[in-house]
Structures are given as structure tokens and as C-alpha cells.
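K.L.:
Read in order, the letters of the sequence shown are residues 831 to 1110 in the working numbering.
Can you read through this structure? Questions will come right after.
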Amino acid sequence: MANIKDSKATSMGLHQEALKGRTQQVFFNPEESENFYYYGAYDVDFNQRTEIDAMDLSCRELNEKMHSLMKEGYGTIVVKNPQGKHSLGVGILNKLNLIFEGSLGYFGVGSIDGPVVRITGRVGWSCAENMMAGKVVIEKNAGSCFGAAIRGGDLICKGSVGARTGIDMKGGTIVIGGDAGAFTGFMMQRGRIIILGDVGENLGDSMYDGTIFVLGSIKSLGSDAIEAELTDLDKKWLKRKLEVAEIGSNIDLSKITKVVAGKKLWNYDALEPTERKGAI
């Protein structure tokens, strides 16, 4: 039996227990809903709707205005005339329906956790970078580094995207209705990318894990990226995910190419010189 002396650890909930068999210790009560929200998150009503005209507002002023409206309980916010301004809608750690009527510049809706965002125009570089959870839908096209380092949620672009989409991706799903640029999925570690159009060279280059699905043509695979068998389970998942994305309802799923990591780079230091040359 473990013998835990009285200490700060015991006051935090640790206690003596037999270290045998399967044990379970409860650290929080799931009925305490505050444990599932960030500190400072707001209780909003999605039926409570308001609009903001961003024409004469700076990026900082607009972001502060949205946070003050959430604090007042507004759960649906419509931003008019965003005019391609940069860094709009970033750092929202709250449930929210957010609609941008227009286009965003660089780094739009980055580091979010929870909101559902719809953008009627285009977005610039690094849209939804470091996204944790929620859903983002772009009706037109997106720039490079779309969804860089995202960890969760659904990120959807109904048009085409630039190079390095999903770079350093750690989770979640990226769905592209059109084409994708070079080095899509570069160094991705987890998650899935769906591309319904064509994709540029070096797809999945140096990917550690994760899965990429491509309906169109692939210009070339990157280092340690290989094709894999498309299973029935993959097809069922793709069908459900494309329904969520509201695109690709009539595609032939059997024509999709599945790309995964070859996993040679997992143990790069252990490879022989000739094997290293082949892996990179």
C-alpha cells in the first residue's frame, strides 16, 4: 500500500490507496458546470442578437467591443464591413455565433476555443491559427498557412487555399472545397485534412501522424508520406464530416486518395545512411 505522508498533495485530494487492480479517483464533479468554462467566460444567449459596423473601428476596438457584448449576454454577433482588417475575432474562449459579412485579413479568428464563425468573404494568411474547438466556415478562398497548428474543431473553406495549409496541425479537421497549395499538411502531427480539389507538390511532407484525403490530383507526395487503403470506416466518416461542412454531397468517395505517414522519420537516428537519404 502506498504511504502518502501529510503534505500539500493530500490537501489537494490525494489519499492512501492500494496500488493494485484498477482504481479511479474523482477530481471534480461533472455537475459543477463551471469546471468546463474558462475563467472569465460569459453566459450568453444565442437568441440575443446584435450587429457591429466595423467601418470606423480599429482591430483592437472591434475585438474589445465583441467581448463587451458577450459580457452583456449577446450570443449572436454580426460584424458588418470588416474590410479585410487583420487579427479580427482572435482569442475568443466562449460559446458564440459570430458572423463576418465580408473578408478578413491576416490571422483572423486565431486562438479560439468554442465559437461558431461564418465568414462570407475571403481570409488572409494563418486563419484560425491555434484553434482549439468550435467551427469556422469561410465561404470563399483562404491564404497560406490556413489552420496552422490547430488542435481541434472543424475548419472549413468552401473555396481554395494557399500553401502550407495545416502546417504543424495537432488535431481537429480541415475541409477544403477547392484546391490546396504546396506543402499542405507539412509536419502535421494529428488530425485530418480533406481536399475536394487538386493539391500541390510535397503533400504531407515530414508528417508525423494524421490522415489526408484528396479527391483530385496530387502533384507529389512529400518526405515520408505514403498512400494507404481507404476503408469503409473512412468512407462513413468522410460522409458525416462533409455533411457537417455542407459541401461535397454528391462526390464519389471511392475516388478519394488516402495519405498517411510512412513513419520512417519516427526513428530517423536509427536509420542507415542510405535509408536516411530515402526518407528525406
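Just so it is clear, CB atoms sit at the ideal spot from N, CA and C, and this is done for glycine as well.
Measure the alpha-carbon distance for Glu1073 versus Ser1079 and round it to whole angstroms.
P.N.:
7 Å
K.L.:
Check Arg879 in the structure and name its three-state DSSP category.
P.N.:
If DSSP states are grouped into helix, strand and coil, Arg879 belongs with the strands.
K.L.:
Just how far apart, CA to CA, sit Leu1095 and Gly903?
P.N.:
49 Å
K.L.:
Quick check on Phe876: buried or exposed, where buried means 16 or more other Cβ atoms within 10 Å of its Cβ?
P.N.:
Phe876 comes out exposed.
K.L.:
Leaving out five residues on either side along the sequence, give the residues of the same chain with a beta carbon under 8 Å from the beta carbon of Ile882.
P.N.:
Leu892, Lys895, Met896, Leu899, Ile907, Val908, Val909, Lys910
K.L.:
How about Met1118 and Gly1040: do their beta carbons lie closer than 8 Å?
P.N.:
Nothing about residue 1118 can be reported from this structure: the residues present for the chain run from 831 to 1110 only.
K.L.:
So what's Glu1057 in DSSP terms, helix, strand or just coil?
P.N.:
strand
K.L.:
Return no unless some Cβ of chain C is closer than 8 Å to the Cβ of Thr906.
P.N.:
Of the protein chains in this structure there is only one, and it is not chain C.
K.L.:
According to the neighbour-count rule (16 or more other Cβ atoms, all chains shown, within 10 Å of its Cβ), is Arg952 buried or exposed?
P.N.:
buried
K.L.:
Could you tell me the alpha carbon to alpha carbon distance between Met842 and Ile997, rounded to whole angstroms?
P.N.:
The predicted position of Met842 is uncertain, since its pLDDT is 45 and thus under 50; no value can be drawn from it.
K.L.:
In three-state DSSP terms, what is Met831?
P.N.:
Residue placement at Met831 is poorly supported in this model, since its pLDDT is 40, which falls under 50; the coordinates still yield a value, given next. Note: Met831 maps to coil in three-state DSSP.
K.L.:
Let me make sure I understand the geometry here. Which of Lys1069, Ile1042, Cys889 has the alpha-carbon closest to that of Glu1059?
P.N.:
Ile1042
K.L.:
Which residue spans inside the region 920 to 988 form an unbroken alpha helix (DSSP H) run of at least 4?
P.N.:
none
K.L.:
Taking the alpha-carbon positions, what's the Gly1011 to Gly1030 distance?
P.N.:
5 Å
K.L.:
Alpha carbon to alpha carbon, how far is Tyr872 from Lys965?
P.N.:
19 Å
K.L.:
My understanding is that Lys915 touches Gly935, with C-beta atoms under 8 Å, so please give their C-beta distance in whole angstroms.
P.N.:
5 Å
K.L.:
For Lys988, count the other beta carbons within 10 Å of its own beta carbon; 16 or more makes it buried, fewer makes it exposed. Which is it?
P.N.:
buried
K.L.:
Can you tell me whether DSSP reads Val991 as helix, strand or coil?
P.N.:
Val991: coil per DSSP, three-state reduction.
K.L.:
Under the rule that 16 or more other beta-carbon atoms within 10 Å means buried, what is Glu1076, buried or exposed?
P.N.:
exposed
K.L.:
Taking the continuous alpha helix (DSSP H) assigned at Ala1075, which residues delimit it?
P.N.:
1062 to 1075
K.L.:
Can you name the start and end residues of the beta strand (DSSP E) that Lys1000 belongs to?
P.N.:
1000 to 1006
K.L.:
Taking all protein chains shown into account, do 16 or more other C-beta atoms lie within 10 angstroms of the C-beta of Glu959, making it buried, or fewer, making it exposed?
P.N.:
buried
K.L.:
Give me the residue from Gly905, Thr1003, Cys889, Tyr869 with the minimum Cα distance to Thr880.
P.N.:
Gly905
K.L.:
Does the separation of the CB atoms of Gly1002 and Arg981 fall below 8 Å?
P.N.:
Yes, these two residues count as a Cβ contact at 8 Å.
K.L.:
What three-state label does DSSP hand Leu899 in the structure shown?
P.N.:
helix
K.L.:
Indicate whether Leu1051 and Lys1069 have their beta-carbon atoms separated by less than 8 Å.
P.N.:
no
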